[in-house]
Structures are given as structure tokens and as C-alpha cells.
Amino acid sequence: MLNIGCHLSASKGYEHMGREALSIGANTFQFFTRNPRGSSVKKVSEKDVAAMIALGQEHHFAPLLGHAPYTLNACSADPRIREFAHMVLSEDLRNLEYLPNNFYTFHPGSHVGQGAEAGIDLIVRLLNQILRPEQTTTVLLETMSGKGSEVGGSFDELSLILGRVNLTEKMGVCLDTCHVYSAGYNVVNELDDVLEQFNKCIGIEKLKAIHLNDSMTPYASKKDRHARIGEGTIGLEAIVKIINHPQLRNLPFYLETPNEVSGYGKEIRLLREKYT
Ligand code: FE
Ligand code: FE
Ligand code: ZN
């Protein structure tokens, strides 16, 4: 079965997202762990998480995916910004343990002039401070488009981070199809090669989740503009190959296309039809 969901608003809680997902034929979803601009987090409601856990079991949900605020920068040159990233990541991971065995993804960050190596050092240091042997959440590094001084625009950079994290078994990768295509990995014409590169560099077993997006910008453009499924430069045919690829087809897919909930429902229906 195709495990697929989309990004949903967390403002009404987990159970609400779970029911919304079911209403559009999804069996998972992604949500921001807090306001995407960062800052404060709502207190976890035990009643709400219990309802979501029951719903997830009843309807065979794939792992849920919490997304850190995209403004978070674990490798900023400014120690106060790094301190904030430390606070957000550790607090989010603590809260996610109320919903055990799910995923948490974050953008590695931007090194802004310090160089990728220095950025990678800071990210590794932070991860080694916050990961706990007893945690059940798997933390995913997201593949980035490589715009500006973003870290994580290449599999090599992600591999350098993962290779130096002590609790590497708590870590994985979330591959964003829009981002990797923009970064210069040709998932349209050379999907097998791209996955082979991923495997050589990182290990395919580290690939835990896919952000399934079309792209508004050309191949290798180093931009980050998502398009609806079939309306971008990746195109429906390549996306259908991605969801059916033997190395990917059992992973959970999360749509982050520019859509309202009903638009996501249409995409999910289409993709379920195309899943062989
Ligand atoms: Fe993201
Ligand atoms: Fe993404
Ligand atoms: Zn993006």
C-alpha cells in the first residue's frame, strides 16, 4: 500500500490532523512542531495524543513527520541563534516522545560565510548534545536545494554529518524531490543513478521519508519553489516512477505542494491510482 500524506496545520491538535488526513485518503501527515517562524510551543495534551495514537493504530498510519521551524539555524555564526536552535530541537524532541516512534525533520542550516566545513561541525556538535539513547523519534536531515550557503545541498554534506553523529541509529534522511532536483540530482532522467549515489554516499537504509513535490524551477537551479504534482519541471511521469521505484515504494511520502487540504486530496487520489 502507498503510504502518503501531506502537510497539515497543527493548530487544532493531532487528532484533528489525523481525521483530516483520513478524510482525504491519507494515512500519515506532516506538521510544524510550532509556528514556522519559531518561538513558543503549545503544551502537549495527553488526551489529544492518546486519541491520535488510537486513530493511527486503527487506520494503520505510517510514521508521522514533525517538521522543525524552517527559520532554525543550527550552524549560525551567532551563538544566540545556535542556542535557540538547541532549545527548539531539544524541546521538540521531548514533546514528540508523547507520540513515540515517529519522525522529526529539520533543515541542516546555513553557514553564512563560515564555510560548509565549519557549518557541519556546528550541526554535528548540536546533534551530539541533544540526541538521547532512550528516544524513540528518528531525526531526519532534509536534503536541501543548496541555495545561498545552505548546508545539505549534497549527499556528501549529509553523509559528513551522519558519519560524525554518535547516536547515528537515531538519525536518517528525508529526501525532498523538489530540493534534490534543484540541487542537481536528476530524479527525472537518472533516478537509478541518483539512488545509487545516495547509497554509496549515505547508505540507502538511512533514507526514511520522501517529501514529494514538483518544482517550479529548472533542473540544478539551486532554487526552492515547490509546484503541485504534475505542474512543474519534474512532471507527473517522473513522480509516478518515484513512488513506484523498488527502493522507494515502501517509504512514507509527504506532499508539501502549494495546496489547500482539498487539493492535497486530489493529488493523493491521483497518486494512489498510479501506484502499482
Ligand atoms: Fe523542509
Ligand atoms: Fe521539504
Ligand atoms: Zn522546499
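Position in the sequence shown (first residue = 1) + 102 = this note's numbering. All C-beta atoms in this analysis are idealised placements derived from N, C-alpha and C, irrespective of residue type, glycine included. Since the structure is predicted, the reported quantities are computational estimates derived from the model, not experimental observations.
**Message:** Taking the straight line between their C-alpha atoms, what separation do you get for R227 and H109?
**Reply:** 29 angstroms
**Prompt:** What number of angstroms, rounded off, separates the C-alpha of Y172 from the C-alpha of P181?
**Reply:** 18 angstroms
**Asked** How about D258 and H313: do their beta carbons lie closer than 8 angstroms?
**Response** no
**Message:** When you compare the CB positions of G334 and V290, do they come within less than 8 angstroms of one another, or not?
**Reply:** no
**Asked** What number of angstroms, rounded off, separates the C-alpha of F134 from the C-alpha of E358?
**Response** 12 angstroms
**Request:** Take every Cβ of the stretch 230-248, pair it with every Cβ of the stretch 319-329, and state whether three or more of those distances are shorter than 8 angstroms.
**Result:** yes
**Message:** When you measure from the CB of D316 to every non-hydrogen atom of ligand 1, does any distance come out below 7 angstroms?
**Reply:** no
**Request:** Determine the closest residue to L195 out of V214, P360, K272 and Y287, with distance taken between C-alpha atoms.
**Result:** K272
**Asked** Mind checking whether the beta-carbon of D278 lies closer than 7 angstroms to any heavy atom of ligand 3?
**Response** yes
**Prompt:** Which whole-angstrom value describes the C-beta separation of L262 and G254, a residue pair presumed to lie in contact below a C-beta threshold of 8 angstroms?
**Reply:** L262 to G254, Cβ: 10 angstroms. No contact.
**Message:** Between which residues of its own chain and N197 is the CB-CB distance below 6 angstroms, once the five residues before and five after are set aside?
**Reply:** V146
**Asked** For I312, which beta-bridge partners are listed by DSSP?
**Response** L277 and F355
**Asked** From L269 to S192, what does the alpha carbon distance come to, in whole angstroms?
**Response** 15 angstroms
**Request:** Just the C-alpha distance for L350 and I344, rounded to the nearest angstrom, thanks.
**Result:** 7 angstroms
**Asked** Which of helix, strand or coil does DSSP assign to Y206?
**Response** strand
**Bridge partners - K108, DSSP secondary structure assignment** = In the sequence on display, residue 108 carries Cys and not Lys. Answer by DSSP bridge pairing, in chain order: F131 and L357.
**Request:** Indicate the three-state DSSP secondary structure (helix, strand or coil) for H328 in the structure shown.
**Result:** strand
**Request:** Give the straight-line distance between the Cα atoms of I183 and L224, rounded to the nearest whole angstrom.
**Result:** 12 angstroms
**Message:** If you follow the alpha helix (DSSP H) that V226 is in, where does it begin and where does it stop?
**Reply:** A218 to I232
**Request:** Could you check if T238 is buried or exposed, using at least 16 other CB atoms within 10 Å of its CB as the buried criterion?
**Result:** exposed
**Message:** Can you list, in chain order, the residues of its chain with a C-beta nearer than 6 angstroms to that of Y287? Leave out the 5 residues immediately preceding and following it.
**Reply:** V296
**Message:** Relative to the C-alpha of D316, which candidate in P360, L157, I331 and A156 has its C-alpha closest?
**Reply:** I331
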